[in-house]
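What follows is one structure encoded as structure tokens, with my remarks underneath.
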Amino acid sequence: MRSRTCTSCRHQGYIEAVRLRRYYARHMKLGSLEHRLRCTACGTRGAVSWTPVRQKL
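Numbering (the working numbering), first residue to last: 1 to 57.
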């Protein structure tokens, strides 16, 4: 799971890497997808940055 933050409006959310791999090719690196992501709060595309989040087991 990764935490994502919009650099325009500071909206924070989470996205699972598995879900991204379903929509995009499996050979793509997750870091290269940042410019394709859109903020669900303000709609800005390409302003989303993300960091890995450790899940509690």
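Where a beta carbon is used, it is the ideal one built from N, C-alpha and C, also for glycine.
Going by other Cβ atoms of all chains shown within 10 Å of its Cβ, with 16 needed for buried, is residue i buried or exposed?
i: Val18; result: exposed
i: Cys42; result: exposed
Taking the continuous alpha helix (DSSP H) assigned at residue i, which residues delimit it?
i: Tyr14; result: Unbroken run through Tyr14 is the beta strand (DSSP E), 12-15; no alpha helix (DSSP H).
Since residue i and residue j are thought to touch, with beta carbons under 8 Å apart, how far apart are those beta carbons, to the nearest angstrom?
i: Trp50; j: Arg4; result: 4 Å
i: Gly13; j: Thr40; result: 7 Å
Going by DSSP, name the residue or residues bridged to residue i.
i: Val48; result: Cys6
i: Arg38; result: Arg45
Relative to the C-alpha of residue i, which residue among the options is closest?
i: Leu33; options: Thr40, Leu20, Thr7; result: Leu20
i: His35; options: Gly46, Arg22, Arg2, Thr7; result: Gly46
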